[in-house]
Structures are given as C-alpha cells and as structure tokens.
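K.L.:
Under the UniProt record's numbering, the residues of the sequence shown are numbered 1 to 357, in order.
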Amino acid sequence: MRILAIETSCDETAMALVNATGGLSSPKFKIEENVVSSQIAIHRPFGGVVPNLAKREHIKNLPIVLSEIFGDTRENIIAKDFKKVDMISVTVGPGLEPALWTGIEFAKELHKEAKKKNKKLLLRGVNHMEGHLYSFLLQQKTVTQKSKPKIKNMFPSVALVVSGGHTILLLLESLTKWKKLGETRDDAVGEAFDKVARMLDLPYPGGPEVEKLAKDGNSAAIDFPKPMIHAKNYDFSFSGLKTAVLYYLKKNKNLGNNGFADIAASFQKSAIDVLVKKTIKAAGEFGAKSVILCGGVAGNQALREVLGDECKKEKLEFFVPPFEYNTDNASMIAAAAYINFLRKKTYSVKARAGLGM
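1) Given a threshold of 16 other Cβ atoms within 10 Å of its Cβ, counted over all protein chains shown, does Thr-8 qualify as buried or as exposed?
2) In angstroms with no decimal places, state the Cα-to-Cα distance between Thr-13 and Met-228.
3) Are the C-beta atoms of Leu-342 and some chain B residue less than 8 Å apart?
4) Going by C-alpha to C-alpha distance, which of Met-129, Ala-99, Lys-83, Tyr-134 sits closest to Leu-110?
5) Rounded to whole angstroms, what is the Cα-Cα separation between Ala-288 and Gly-131?
6) Straight-line CA distance for Ser-26 to Gly-207?
7) Roughly how many angstroms lie between the CA atoms of Leu-53 and Ala-334, to the nearest whole one?
8) Please report how far the alpha carbon of Gly-125 lies from the alpha carbon of Gly-356, in whole angstroms.
9) Pull up the distance between the alpha-carbon of Thr-167 and that of Lys-30, whole angstroms please.
10) Out of Leu-202, Val-92, Lys-242, which one is the CA nearest neighbour of Arg-44?
11) Quick one: using the 10 Å Cβ neighbour count with 16 as the cut-off for buried, is Glu-317 buried or exposed?
12) Evaluate the contact criterion for the segment 269-288 versus the segment 152-168: three or more CB pairs, one atom per stretch, below 8 Å.
13) DSSP puts Lys-28 in a beta bridge; with which residues?
14) Scan the segment 136-211 and note each continuous beta strand (DSSP E) run of 3 residues or more that stays entirely inside, going in chain order.
15) Taking C-alpha atoms, which residue in Lys-312, Val-291, Val-306 lies nearest to Asn-153?
16) Please classify Asn-300 as buried or exposed, where buried requires at least 16 other C-beta atoms within 10 Å of its C-beta.
17) Go to Asn-127, then tell me how far its beta strand (DSSP E) extends in each direction, as first and last residue.
18) Which residue's Cα is closest to the Cα of Asn-233: Gln-39, Lys-180, Pro-63, Ala-351?
19) If you reduce the DSSP assignment to three classes, tell me which class Leu-241 lands in.
20) For my contact list, Asn-61 and Val-85 are in at a C-beta cut-off of 8 Å; report their separation, rounded to the angstrom.
21) Of the choices Glu-97, Gly-256, Thr-91, whose alpha-carbon is the least far from that of Lys-108?
22) Could you work out which residue in Leu-200, Val-276, Lys-253, Asn-218 is closest to His-230 when comparing CA atoms only?
23) Nearest to Gly-95 by CA position, among Tyr-338, Asp-328, Tyr-204, is which residue?
24) Pro-63: buried (16+ other C-beta within 10 angstroms of its C-beta) or exposed?
25) Taking a contact to mean a Cβ-Cβ separation below 8 Å, would you say Ala-330 touches Met-15 in this structure?
Right under this line is the structure:
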C-alpha cells in the first residue's frame with residue numbers, strides 16, 4: 001500500500017510517501033520521501049509556537065512540500081502520480097486546532113481532486129500519538145540486538161511516550177492492544193524542559209538546548225527533587241521539579257555559564273531518573289519482554305543511553321526510532337495509518353485537539 005501522509009499538528013509542515021507491506025505480525029515500511037518544513041526560526045522570537053502563525057505557515061508550505069515530494073506541479077501530481085497512491089492519511093489530533101485544520105482541509109481537497117483519477121483512493125485520519133508509538137517500526141535495527149524488530153517476540157511491551165505535551169506509560173499486549181499505566185498529572189516532561197530552558201535564557205525550542213548545555217555541566221552538582229519516583233503508581237509529575245529550578249535560580253544569583261550548565265545537567269538527570277525508574281519498574285511488574293521509547297523527547301541522547309543501558313541489564317529488548325523520526329514527521333503518520341487500516345480502525349477526518357490514546 002502506497003501512502004501519502006500529512007502532518008501539521010504543531011509547527012512542522014511534514015509530508016511523506018511511504019510504501020507499506022506485510023501484516024500485523026510483520027509490517028514493513030519503505031520510506032520513498034520524507035519532507036519536514038520547520039517553522040522554528042519563525043516562532044523563536046516568541047519563545048514558543050503561536051497557533052495562528054503556525055496555521056498561516058502551514059497554508060503557505062503545504063503546496064510547496066507536496067511539489068517537493070513528487071517533484072512536479074500540483075496539476076500533474078493529481079493527473080499522474082495519484083494513480084499510484086492508495087491512501088492519503090492526515091493527522092487529526094491531538095495538537096493545535098488551527099494547525100490541524102490546515103492539514104485536514106488540504107488532505108480533503110487533495111483527495112477530492114485526486115479521486116477523479118483514482119476512484120479507490122482512501123482518505124484516513126490518524127492519531128498523532130499513535131504515530132509516535134508506531135515510529136519505532138520505521139527503524140531497520142533495534143538498539144540492543146542490531147537486527148530488524150521481531151514484532152511477534154516483543155510482547156508484552158512497555159512504551160514510554162514522551163513529548164512536549166505528553167508523558168504516558170503504556171502496557172502493550174500487541175501492536176493494536178494496550179492500556180495506560182500512568183501519565184503526567186501536570187507538566188509533560190518536554191514542557192518542563194522548555195520551561196527550564198526559558199529560565200536559563202535558552203532559545204526555542206528549549207529541550208535540545210537544555211540537553212546541549214547539560215553536556216558541559218555536573219549532573220551531581222545540585223540535588224533537585226525526583227517527583228513521584230517512589231510512588232506505587234505509574235503517574236508522573238514534573239511541575240515540582242520545574243519549580244525547584246526556579247527557586248534555585250532565585251536564591252543563587254550571578255551563576256555564570258558553569259552554574260547554568262550544572263542546573264541543566266542536574267535537572268535533566270532528575271527528569272531522566274524518574275522516567276527510567278518507572279519504565280523499568282513497570283516492565284518488571286508486568287513481565288515485559290521489551291521497552292519502546294518514542295516521542296519528541298526520545299531524541300534526548302542521555303535518555304536513550306540511560307534507558308538503553310537499564311534495558312540491557314534487565315535483558316529487555318529496547319526499541320527506539322532513529323533520531324529523524326522522534327520529532328514530528330509524516331512517515332510515522334503513514335505507519336499508524338497502515339496499522340489502523342490492517343486492524344480496520346478509523347478516525348473521522350476532523351480536528352480533535354484533545355484526542356487521547
């Protein structure tokens with residue numbers, strides 16, 4: 001199945017052309033094209049994403065990205081290329097509603113025009129978070145065994161989904177069946193990284209900047225709290241950790257570059273310790289055979305390394321997407337669309353900003 005996927009949930013205008021084959025026991029994805037048009041430079045002066053500005057940029061960028069994917073004009077693409085496309089998939093939520101609508105309306109119009117040439121062309125909505133969850137399927141090798149993922153041998157599995165808006169721990173019985181073990185009660189971990197970045201006067205997006213600064217710091221310099229690390233449940237809370245950083249800065253003036261680096265490193269260590277501790281604990285309690293790390297924060301090298309090392313100690317297979325598929329992209333949307341097609345699951349093609357998993 002050849003899928004054109006569209007992703008506009010936040011500030012990335014992304015599109016991908018993916019050839020999907022195989023069944024639920026062994027899905028395979030050949031990424032023909034994967035284009036991401038970033039709006040970081042536009043939103044950076046505001047310290048975060050401005051929804052209506054994101055909407056404007058998506059409207060401008062979508063036709064450009066479509067032409068980049070197929071290397072032709074819209075008219076020629078619809079007349080020729082869509083004869084060889086089986087599905088258009090588009091993110092419907094969660095995300096910023098103005099941004100979501102741009103991708104949805106573009107997909108609907110494209111489907112309407114292209115279906116005149118290809119009567120069997122499908123249009124499917126996709127849950128953005130399911131896209132992140134299935135992004136590990138886009139890899140060619142797993143981290144621990146250096147081989148292609150063996151889907152049938154990986155369950156039960158614990159998935160840690162970490163992004164700017166979500167921190168969720170899932171128990172997967174299969175690719176299509178899971179239950180939520182816990183989630184954040186306040187700030188998502190990515191949100192906490194962004195807020196700490198602003199406290200340290202780091203540019204947007206803050207998460208990668210905190211990680212970069214942390215490399216020059218001493219992670220043992222400051223004993224920041226590790227909220228809920230010993231709680232019996234699998235919920236998270238990062239608001240208190242963020243506030244602890246704020247209070248530390250108020251009490252300690254004129255820290256200089258080294259002081260800021262120590263703050264970044266100590267904050268990052270506390271956040272990672274909580275994430276890893278709860279994930280490994282859940283894997284042990286529920287007899288998991290593997291751990292999945294996904295979402296934008298999965299691009300944090302320190303988190304990947306610490307969780308990967310713990311998985312090796314516990315003899316757990318560790319699945320994590322390649323770096324280019326951690327942040328928002330359309331290839332993961334194509335993967336989710338294909339899995340849902342196989343399981344006959346559909347989402348209505350309308351914006352749902354608060355869509356859950």
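No residue lacks a Cβ here, since even glycine has one placed at the ideal position from N, Cα and C.
P.N.:
Quick look at the numbers:
1) Sixteen is the threshold: when 16 or more other Cβ atoms of the shown chains lie within 10 Å of the Cβ of Thr-8, as they do, the residue is buried.
2) 36 Å
3) Protein chains in the displayed structure number just one, and chain B is not present.
4) Lys-83
5) 22 Å
6) 34 Å
7) 26 Å
8) Cα-Cα distance, rounded: 14 Å.
9) 29 Å
10) Leu-202
11) Around the beta-carbon of Glu-317, 16 or more other beta-carbon atoms lie within 10 Å, marking it buried.
12) Because the criterion of three Cβ pairs below 8 Å is met, the segment 269-288 and the segment 152-168 touch.
13) Thr-21
14) 157-162, 167-172, 178-183
15) Val-291
16) When all chains shown are included, Asn-300 counts as buried.
17) Where Asn-127 is concerned, the enclosing beta strand (DSSP E) stretches over 122-127.
18) Lys-180
19) Helix, per DSSP.
20) Actually they are not in contact, since the Cβ atoms of Asn-61 and Val-85 sit about 20 Å apart, beyond 8 Å.
21) Thr-91
22) Val-276
23) Asp-328
24) exposed
25) yes
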